[in-house]
Every structure is written in structure tokens, then in C-alpha cells.
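So for the sequence shown, this note's numbering puts the first residue at 40; every next one is plus one.
Beta carbons: idealized from backbone N, C-alpha and C, even for Gly.
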Amino acid sequence: MAKVTVTLDAELVVEVMVLAGVGSPQDAVEVVVRDYIARGHRTEERTELTDRNLRETDVKPQEPQG
Numbered sequence: 040m041a042k043v044t045v046t047l048d049a050e051l052v053v054e055v056m057v058l059a060g061v062g063s064p065q066d067a068v069e070v071v072v073r074d075y076i077a078r079g080h081r082t083e084e085r086t087e088l089t090d091r092n093l094r095e096t097d098v099k100p101q102e103p104q105g
């Protein structure tokens, strides 16, 4: 896999290291990025189910009103 070098504020990285409980700046940033991606996938799954349910509701014929 290709590697990327990114310059970040040291205080920011130290805070992430403490919150993530890791001892390496590289590992800390990787944990944050992986978590961000996983959250995005979970959000997509939730919204996909909602969208699908809404579409199924729209397709069903409505009961006569009145």
C-alpha cells in the first residue's frame, strides 16, 4: 500500500495518542482515520435502510381517504 506523509500539529497528535491509548503518532492517526471510515460505512448502511423503507412506503397504494 502506498504511504503518505502528513504534517500535523504536535499537540493535536499527542491528544489523539492519549485518547486512542496508543504510543505511536503513526498508529494514533491511523486509528482515527480507520474509525472515521468505519463510521461513514455505518452511516451509509443506516441511511440506505431508511431510504429503502421510504421507497417501499411510497410504492404501496394508499387507502382511499374521505
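With fewer than 16 other beta carbons inside 10 angstroms of its own, Ala77 counts as exposed. The DSSP-derived three-state label of Glu54 is helix. The alpha-carbon of Arg94 is positioned some 41 Å away from that of Ala67. Inter-residue distance for Val72 and Glu83 is about 17 Å (C-alpha atoms, whole angstroms).
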